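*Asks:* Handing you a structure now.
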Amino acid sequence: MILCFGLFSWFPIARAVVMSVQYTNLVAAPEFVGLENFTYVLSDPLLPVAVRNTLYFAVLALLFGYPVPLLAAVAMSEVRRARGLFAALAYLPVVVPPVVAVLLWKTFYSGADTGVFNTIAGWVGAGPFPWLQDPDWAMPSLVLEATWAAAGGTVIIYLAALTGVPPELYDAAEVDGAGIWRKIWHVTLPQLRPVLFITLILQIIGTSQVFTEPYLFTGGGPANSTTTILLMIYNYAFGGRGDYGAATALSLLLAVVLAILSAIYFRTTKRWSTT
Numbered sequence: 269m270i271l272c273f274g275l276f277s278w279f280p281i282a283r284a285v286v287m288s289v290q291y292t293n294l295v296a297a298p299e300f301v302g303l304e305n306f307t308y309v310l311s312d313p314l315l316p317v318a319v320r321n322t323l324y325f326a327v328l329a330l331l332f333g334y335p336v337p338l339l340a341a342v343a344m345s346e347v348r349r350a351r352g353l354f355a356a357l358a359y360l361p362v363v364v365p366p367v368v369a370v371l372l373w374k375t376f377y378s379g380a381d382t383g384v385f386n387t388i389a390g391w392v393g394a395g396p397f398p399w400l401q402d403p404d405w406a407m408p409s410l411v412l413e414a415t416w417a418a419a420g421g422t423v424i425i426y427l428a429a430l431t432g433v434p435p436e437l438y439d440a441a442e443v444d445g446a447g448i449w450r451k452i453w454h455v456t457l458p459q460l461r462p463v464l465f466i467t468l469i470l471q472i473i474g475t476s477q478v479f480t481e482p483y484l485f486t487g488g489g490p491a492n493s494t495t496t497i498l499l500m501i502y503n504y505a506f507g508g509r510g511d512y513g514a515a516t517a518l519s520l521l522l523a524v525v526l527a528i529l530s531a532i533y534f535r536t537t538k539r540w541s542t543t
């Protein structure tokens, strides 16, 4: 196990640190350039745009993608029959290959009046909407698909955690006259607090590393409105520049920021998750 981790996890990290202070295209001999890669990345005028877009995606994903799995899991836990069927249906989008899902949704997002989503919107007298073709609509459209694709796995985690909630707590709440919402607020959420904290930090890290949706849906457009940090890293390395030193430098900067945020998060929530 240590050999596997060393070969496939730790060695690539160490190699990335070395490459971040080199100019290399993996063909010619690497040239040591010190901190020039970091200076080049930080001075890139596209970096603030990518950071802003990544934060925008993360905020939207937290607003919509974080409560939806919890609400779905709580609703399923209240179902007496066919609970397994609902859980399987919720998890189904997770098993769909991401590329297939994105290409399918890209068809649904057609800006024409005959597009799938615009047709549905027309049934209630709304639309048509530009979806991926408009800078203001593109990022929310990506968040909608990403929430659909990833929520199922979190639903299963919450369903498993709900089985560990002592039933007598719900019985006591019912005796006290608590309704469904008061039981959720005073029993379910406190019992799920450790799991909620873990899924929150995992979602923050995951949304900060969003790549598949911007790359396959829009390629960073329109007008760089969906260019994210990981898409910039990809473009540095594989988008024609072949600058792997700059790509690894930006990767390390992102890793450091996420590590700092994770450390602050766990320190501030250490007592909350256990009391």
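When we follow this note's numbering, the leftmost residue of the sequence shown carries the number 269, and every step to the right adds one. Note that beta-carbon positions come from the ideal geometry of N, C-alpha and C, so glycine has one too. Bear in mind that the values here come from a model prediction, so they are computed numbers and not experimental data.
#1: Check each candidate in Val525, Ala406, Glu481 and name the one with the smallest Cα separation from Val370.
#2: Would a C-beta distance cut-off of 8 Å place Ala517 and Val319 closer than the cut-off?
#3: Taking the runs of the alpha helix (DSSP H) that are 4 residues or longer, which of them lie wholly in the stretch 375–412?
#4: My output table needs one value for Gln477: the three-state DSSP class, helix, strand or coil.
#5: Spell out the partners DSSP gives Gln290 in its beta bridges.
#6: So, is Val478 buried or exposed, given that buried needs 16 or more other C-beta atoms within 10 angstroms?
#7: Could you work out which residue in Val368, Leu330, Val342, Pro335 is closest to Ile448 when comparing CA atoms only?
#8: For the alpha helix (DSSP H) that Phe332 lies in, which residues bound it at each end?
#9: On a Cα-Cα basis, can you pick out the residue from Ala505, Asp402, Ala418 that is closest to Thr486?
#10: Check Leu460 in the structure and name its three-state DSSP category.
#11: Quick one, which of Asn386, Glu413, Ala440, Asn293 has its alpha-carbon nearest Pro364's?
#12: If we count the other Cβ atoms within 10 Å of its Cβ and call it buried at 16 or more, is Lys538 buried or exposed?
#13: For Met500, does the count of other Cβ atoms within 10 angstroms reach 16, so buried, or fall short, so exposed?
#14: Expressed to the nearest angstrom, what Euclidean distance is found between the alpha-carbon atoms of Val525 and Trp373?
#15: Taking the continuous alpha helix (DSSP H) assigned at Asp439, which residues delimit it?
#16: Is it a yes or a no for the stretch 404–420 touching the stretch 433–444, going by three-plus beta-carbon pairs under 8 Å?
#17: Helix, strand or coil for Lys538, going by three-state DSSP, please let me know.
#18: Quick check on DSSP: helix, strand or coil for Ser277?
#19: Between the alpha carbons of Gly420 and Ser530, how many angstroms are there, rounded?
*Replies:* From the atom records:
#1: Here the closest residue by C-alpha is Glu481.
#2: For Ala517 and Val319, no; Cβs fall outside 8 Å.
#3: Within the stretch 375–412, the complete alpha helix (DSSP H) runs of at least 4 residues are 384–391.
#4: Note: Gln477 maps to coil in three-state DSSP.
#5: Paired residues: Phe300.
#6: Sixteen is the threshold: when 16 or more other Cβ atoms of the shown chains lie within 10 Å of the Cβ of Val478, as they do, the residue is buried.
#7: Cα-wise, what sits closest to Ile448 is Val342.
#8: 314–333 is the extent of the alpha helix (DSSP H) around Phe332.
#9: Minimum Cα distance to Thr486 is reached at Asp402.
#10: In the structure shown, Leu460 sits in coil (DSSP, three-state: anything other than H, G, I, E or B).
#11: A small correction: the amino acid at residue 364 is Val; Pro does not occupy that position in the sequence shown. Taking the Cα of Val364 as reference, the smallest distance to any Cα among Asn386, Glu413, Ala440, Asn293 is reached at Glu413.
#12: It is exposed - the Cβ of Lys538 has fewer than 16 other Cβ atoms within 10 Å.
#13: Classified as buried, Met500 has 16 or more neighbouring CB atoms from the shown chains inside 10 Å of its CB.
#14: Going from the Cα of Val525 to the Cα of Trp373 covers about 32 Å.
#15: Element bounds for Asp439: 435–443.
#16: In this structure the stretch 404–420 does not touch the stretch 433–444; the number of beta carbon pairs closer than 8 Å is below three.
#17: DSSP places Lys538 in coil when its eight states are reduced to three.
#18: Correct three-state label for Ser277: helix.
#19: C-alpha separation (whole angstroms): 24 Å.
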